[in-house]
Amino acid sequence: MPNFHIQSPSGNRSVRLVKPLTTVGGDGADISVALKKGLVEIAYDGRVCIVSAIDGAPLLINNRRRDTCELVDGDVVSVGDATLLYSATDAAPAPISAPKAAFTTGDLSSLRRLYDFSKELAEQTDLPKLLAALLDRSIAVTLADKGFLLLIEDGRVVVKVARNLAQEHIRDAVEQLSDSIVAKVVRTGAPVIVSDALHDREFNASASVIDLKVCSVMCVPLAAFGNILGAIYVANDSVVNLFEERGLEVLTIFAAQAALLVKNALLVQGLQADNADLKRRLDDAHYGDIIGSCEAMRDVYKKIDKIAQTDISVLITGETGTGKELIAREIHRRSTRKNGPFITINCGAIPEALLESELFGHLRGAFTGAVTTRPGKFQAANGGTLFLDEIGEMPAALQVKILRALQERSVTKIGETRPESVDIRVLAATNKILEEEIKTGRFREDLYYRLNVVKVHLPPLRDRGEDIVVLAKFFLGRAASEFGAKVRGYSPTALIAMRKYAWPGNIRQLENRIKKAAVMADAAVITPEDMEILPEHMEPIMPLAQAKEEWQRRFVNEILERNNGNRTKTAKDLAVDPRTIFRHLERMEADAKGEPGEEPIASGEDDGA
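Under my numbering, residues 1131 to 1739 are what the sequence shown spells out, in order.
Take a look at the structure:
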């Protein structure tokens, strides 16, 4: 015959189950205990013993909240102020000992379980799944019947997961936890245990405690590297004094381990979001192989769309490192010649004595060292595109031959007398201002107009706004892959510094700095020091009057360029007297020669004419 050995403040006793239904509760029950509400029924059919909570009676089986449970030998039933040890036989029951929680702090097995749980969670990188698993473990650790995992997002405490003992999601989670208890933990960074919240001196006046009729609560912070990430909140609204200091200590240790995993998962999630955002921005900013979406670059793309399908000659201008060859390649790729060759020659990188041979080719024996007949770049580009990079460095003697080749669409090898026809499109690029080169006699005006049928001007990197950040992240991803670097991003100060730096070498300089920083950086993020951008390298802040003057000068030059140097039309477009434009040009010429010029005219009004 099964029996219960009962321990309570009124004394210890044993009771045999001789009735099909035995009640445990207040006055009038078969087993009398101090129970505030409800009743517990024990049903025994001669084979199976089932215990059930009636009318909300607090029932714990082996320290876990249950509504009904089939008992097995050795189970411990807690009802009110009494503890009942179930024995399935007539054998004398062993002394009742406290049921073992999921973890205790005093034995090796609990530490091993803590390690196993941490290891299991560490293998989970998906943040929502990690948080759910973490909360389920927290509930198991504490023997609570529900729990909440909260994270701080944008300064607010947000419930990310709410689960019950059955590992089911809880609806209306925000309404089921005490915000006053959570607020204290987040504010102080210290764990809190409340055994009976309704009678707790600190929290019994809290509206959330009163409305929820909170009983037992434990709340511990999730903290990593000195920062509060959020909190774990576990509770039981039916049983008071459920949690003890030992349980709080276990949960605190567990939370400390878990916080590192959460921090890591948040970083991974942030990087994934950053990569997704970067991919979206790159997709939006891509134009073929060119990256950039600022207004100036969009104007460049529009111009390329118009000229690519024609054979019109194009002059690409811009500072060194702005990507002129990329533009030339993109024009070729979008042209009807895309299946033909794209041949590049750097006019400034080849000695003058060899440049003619490189351009037009030579016959065997045409000069010392010409051991074989060799075609030049013009012949190699037949059917495709020839890109003359740094055309401003072309020697004057060769400019004549280039002009003739472009006019006649034929070239003659050195040592040859018979010209060869070539079917090519010519694109040229320079970082020089060829109009000034023409004035000094270093560049032929007729060649300039032959090349400059359409001009495409590339803006310097410093004028491209957020393109700098998009390019920097793109280059970092490529460098990390190329060199196996562990760097994954930039510090906020590095991003600010990149925007403020003048970048005299433009995109080429940016890419080289990033490659070096990716290899040499000590941390996971690149700093301004890694990029070699120091405060003294920043462009100084100029007085407002000077800034206005500089802006006016650039704007007038832009309109002049738009009007192909037509001064009268520029003056009309800007609504100024034509003499204003003449004086502007005289001042630019004087600045170029290092001579003092007249003060600029700030107003568009006629100055006395």
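We treat Cβ as the ideally placed atom computed from N, Cα and C, and that holds for glycine.
Query: Over the uninterrupted alpha helix (DSSP H) stretch that includes Ala-1535, give me the two end residues.; Result: 1526-1538
Query: Assuming Glu-1460 and Asp-1419 form a contact by the criterion Cβ under 8 Å, report the distance between their Cβ atoms to the nearest whole angstrom.; Result: 7 Å
Query: Near Ala-1722, which residues of its chain fall below 8 Å by C-beta distance, leaving aside the five closest residues on each side in sequence?; Result: Glu-1566
Query: Would you decide whether Lys-1454 is buried or exposed? Buried here means 16 or more other CB atoms lie within 10 Å of its CB.; Result: buried
Query: Could you spell out where the beta strand (DSSP E) holding Leu-1557 opens and where it closes?; Result: 1555-1560
Query: Which of the three DSSP states, helix, strand or coil, is assigned to Thr-1502?; Result: coil
Query: How would you call Asp-1284, buried or exposed, if buried means at least 16 neighbouring beta carbons within 10 angstroms?; Result: exposed
Query: With which residues is Gly-1619 paired in a DSSP beta bridge?; Result: Val-1655
Query: Which whole-angstrom value is the C-beta distance of Ser-1308 and Phe-1333, which I expect to be below 8 Å?; Result: 7 Å
Query: I'd like to confirm the pairing. Which residues does DSSP put opposite Arg-1194 in its beta bridges?; Result: Ile-1191
Query: Classify Ala-1231 as helix, strand or coil using the three-state DSSP reduction.; Result: Residue confidence is low: Ala-1231 scores 44 on pLDDT, short of 50, so the model does not pin down where it sits. Its coordinate-derived value is still stated next. Note: Ala-1231 maps to coil in three-state DSSP.
Query: Let me make sure I understand the geometry here. Which of Phe-1685, Cys-1424 and Arg-1286 has the alpha-carbon closest to that of Ile-1358?; Result: Arg-1286
Query: Starting from Pro-1351, trace the beta strand (DSSP E) in both directions and tell me its first and last residue.; Result: 1346-1354
Query: With a 10 Å radius around its C-beta and 16 neighbouring C-beta atoms as the bar for buried, classify Phe-1355 as buried or exposed.; Result: exposed
Query: Looking only at its own chain, which residues have a Cβ that is under 7 Å from the Cβ of Gly-1236, when we skip the five neighbours before and after it?; Result: Interpretation of Gly-1236 is limited by its pLDDT of 41, a score under 50 that renders its predicted location unreliable; the figure taken from the coordinates is listed afterwards. Once the five neighbours on either side are set aside, Gly-1236 has no close Cβ partner at all.
Query: Quick check: the Cα distance between Leu-1640 and Asn-1561, rounded to an integer number of angstroms?; Result: 18 Å
Query: Kindly identify the DSSP beta-bridge partner or partners of Lys-1585.; Result: Leu-1445
Query: Cβ atoms of Val-1655 and Ser-1611: under 9 Å apart, would you say?; Result: no
Query: For a quick check, are the C-beta atoms of Ile-1172 and Val-1148 less than 9 Å apart?; Result: no
Query: What residue range is occupied by the uninterrupted alpha helix (DSSP H) comprising Asp-1519?; Result: Run containing Asp-1519: none in the alpha helix (DSSP H); it sits in the beta strand (DSSP E), 1515-1519.
Query: Opposite Tyr-1363 in the DSSP bridges: which residues?; Result: Phe-1278 and Cys-1349
Query: Check whether the Cβ atoms of Arg-1574 and Gly-1595 lie closer than 9 Å to each other.; Result: no
Query: Start and end of the beta strand (DSSP E) containing Ile-1184?; Result: 1179-1184
Query: Please determine, among Leu-1591, Leu-1257 and Pro-1471, the residue with the shortest C-alpha to C-alpha distance to Glu-1425.; Result: Leu-1591
Query: Going by DSSP, what residues sit across from Phe-1134 in a beta bridge?; Result: Val-1145 and Tyr-1216
Query: Under a three-way DSSP split, which group does Tyr-1431 fall into?; Result: helix
Query: With a CB to CB cut of under 6 Å and the five nearest residues on each side skipped, what residues in its chain are close to Gly-1619?; Result: Val-1655
Query: Tell me the DSSP secondary structure of Thr-1452 in three-state form.; Result: coil
Query: Would you kindly check if the distance between the Cβ of Gly-1451 and the Cβ of Arg-1293 is under 9 Å?; Result: no
Query: Any idea what DSSP makes of Ala-1705, helix, strand or coil?; Result: coil
Query: Count the other C-beta atoms from every protein chain shown that fall within 10 angstroms of the C-beta of Trp-1633, then say buried if there are 16 or more, exposed otherwise.; Result: buried
Query: Can you tell me which residues form a DSSP beta bridge with His-1299?; Result: Arg-1293
Query: What does the alpha-carbon distance come out to for the pair Ser-1144 and Ile-1282?; Result: 52 Å
Query: For Asp-1660, is the classification buried or exposed, using 16 other Cβ atoms within 10 angstroms of its Cβ as the cut-off for buried?; Result: buried
Query: Of the residues Lys-1166, Asp-1160 and Thr-1152, which one's Cα is nearest the Cα of Ser-1182?; Result: Thr-1152
Query: Three Cβ pairs or more, each shorter than 8 Å: is that satisfied between the stretch 1488-1507 and the stretch 1522-1535?; Result: yes
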